[in-house]
Every structure is written in structure tokens, then in C-alpha cells.
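Positions 1 to 188 (UniProt numbering) are the ones given, in order, by the sequence shown. Here's the structure we're looking at; comments come further down.
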Amino acid sequence: MSINNKVLLVDATVVIDNEREVKVKVMNRLGYGDSMIVHCQSNYHDLPSVVIEDGREMEWIITGSNLLGVPLFHCEMQPKTSTIWYSFDAYDPQRDGGRCRTECRWMIPNNGALYGYDQRFSRWVRGSSKALLGCLYGCMLSEWHTVHAWPSSMLDRVACLHAWPRSILGMLGRAAFGRVACSACLDM
Numbered sequence: 001m002s003i004n005n006k007v008l009l010v011d012a013t014v015v016i017d018n019e020r021e022v023k024v025k026v027m028n029r030l031g032y033g034d035s036m037i038v039h040c041q042s043n044y045h046d047l048p049s050v051v052i053e054d055g056r057e058m059e060w061i062i063t064g065s066n067l068l069g070v071p072l073f074h075c076e077m078q079p080k081t082s083t084i085w086y087s088f089d090a091y092d093p094q095r096d097g098g099r100c101r102t103e104c105r106w107m108i109p110n111n112g113a114l115y116g117y118d119q120r121f122s123r124w125v126r127g128s129s130k131a132l133l134g135c136l137y138g139c140m141l142s143e144w145h146t147v148h149a150w151p152s153s154m155l156d157r158v159a160c161l162h163a164w165p166r167s168i169l170g171m172l173g174r175a176a177f178g179r180v181a182c183s184a185c186l187d188m
């Protein structure tokens with residue numbers, strides 16, 4: 001009598017959609033004791049406006065999933081000494097997925113630029129003059145006044161920092177203006 005022992009090996013893969021977190025920091029480096037007001041939001045969360053004193057920073061954690069991604073977060077910033085509101089995307093999954101995988105840091109110094117920290121290369125990045133000119137041209141075509149640009153390194157996309165009169169923000173509503181106004185610059 002022979003006994004056949006058969007072993008069945010089963011390889012099962014279970015996909016668990018883990019939560020993903022990205023810490024976002026906006027740093028005030030305006031100098032001269034100048035504070036700034038910052039308001040940030042996504043389609044899902046609206047953070048309260050915060051006054052950031054010179055040399056201080058604001059931070060929050062954006063949560064998303066590995067499967068669905070982390071949502072776009074958009075910010076408006078106004079130096080206390082100005083009547084102009086500036087606008088930028090603090091986290092854009094298409095632009096920032098590799099650049100700031102776990103932490104997105106933004107620095108606003110007194111030269112009016114917007115610097116983003118690139119975790120891959122451990123450095124602060126500011127737009128080149130070529131990217132700045134291209135962004136200025138693209139945004140002027142869409143009738144928005146662009147003041148500075150920040151290109152994400154290794155990508156052909158540019159994020160623009162716009163100057164917006166408060167009346168335009170009121171007409172468009174906070175949720176509408178972020179993607180629409182920068183579309184000319186982001187698609188360059």
C-alpha cells in the first residue's frame with residue numbers, strides 16, 4: 001500500500017491600504033519682525049487662518065492612503081505689512097510625491113521668493129530665471145499677476161506664487177482659485 005502525501009502550497013497576497021502621512025511646514029523668514037497670515041485648505045479640510053511671527057513656522061499633517069493618495073493642499077499668505085494675498089500649493093501629489101515624500105517644507109524669505117525643500121537631494125530649491133520667465137509669461141496670458149515661481153526639481157512642472165487682490169479672492173471663493181489660476185504655469 002502506498003501513501004501519497006501531497007502538500008498544497010498557497011501563496012496569498014493581502015493588499016492593505018495603509019494610511020499615508022505627509023507633514024507640511026510653512027516657515028516665515030520675512031525678517032524685520034514681519035509676521036504673516038496663512039490660510040491653508042484642501043477639498044476635505046479647511047485649516048483656520050494663523051498668524052506666523054517672524055522666524056516661526058506653522059505645521060500640520062496631511063493624511064491620505066497609499067491607494068488613493070494624499071490630497072492637494074493649497075495656501076494663501078499675506079505679509080502683515082501688505083494688502084496683497086499670495087497663493088501657492090503647499091502639497092500637490094503630482095509635483096510633490098517624490099520631492100517631499102514624508103515632509104513638505106516651504107520657506108518664505110524677505111526677497112519675496114518661495115523656496116521648497118527637496119528631500120531627495122537635501123536642498124532648498126528656488127526657481128531658475130528661465131522657469132520664472134516662462135511662468136510669468138504663462139500666467140500673464142491667463143491674466144493673473146505672477147510674482148515668483150518655484151520649479152519642482154526633475155519635473156517639467158512649475159508652481160507659481162501669485163499676487164491676488166483680496167476682491168478677486170472674494171469673487172472666486174477660496175476653493176476655486178488654486179488650481180484654475182496656476183493651470184497655465186503648472187502645465188508648462
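Heads up, the beta-carbon is just placed ideally off N, CA and C, and yes, glycines get one too.
Length of the line joining the Cα atoms of residue i and residue j
i, j, result
"GLU53", "GLN94", "31 Å"
"PRO48", "VAL26", "14 Å"
"ARG123", "ILE61", "21 Å"
"MET107", "TYR44", "24 Å"
"TYR86", "ASN28", "13 Å"
"ARG99", "THR83", "32 Å"
"LEU155", "GLY69", "Confidence at LEU155 is low in this model, with a pLDDT of 29, below 50, so its placement is unreliable and no value can be given for it."
"PRO71", "THR102", "14 Å"
"VAL50", "GLU57", "10 Å"
"GLY97", "ALA90", "12 Å"
"ASP34", "CYS40", "20 Å"
"GLY112", "MET36", "12 Å"
"VAL22", "VAL125", "19 Å"
"TYR32", "ASP118", "27 Å"
Check whether residue i and residue j have beta carbons under 7 Å apart
i, j, result
"SER42", "PHE73", "yes"
"ARG20", "GLY55", "no"
"CYS104", "VAL38", "no"
Status (buried if at least 16 other CB within 10 Å, exposed otherwise) for residue i
i, result
"GLU76", "buried"
"TYR115", "buried"
"ASP92", "buried"
"ASP46", "exposed"
Identity of the residues DSSP links to residue i by a beta bridge
i, result
"PHE88", "CYS75"
"HIS39", "GLU76"
"GLU21", "THR63"
"GLY69", "SER65"
"CYS100", "DSSP output for CYS100 lists no bridge partner at all."
Which of helix, strand or coil DSSP assigns to residue i
i, result
"GLN119", "coil"
"PRO109", "strand"
"ARG29", "strand"
"ALA149", "At ALA149, the pLDDT of 37 sits below 50, so the modelled position is not reliable; the number obtained from the coordinates is stated separately. Correct three-state label for ALA149: strand."
"ASP54", "coil"
"ASP46", "strand"
"ARG157", "Any reading at ARG157 is ruled out, since the residue's pLDDT is 35, under 50, leaving its predicted position unreliable."
Any non-hydrogen atom of the ligand NAD closer than 6 Å to residue i Cβ
i, result
"MET36", "Ligands are entirely absent from the displayed structure, and the ligand NAD is therefore not among its contents."
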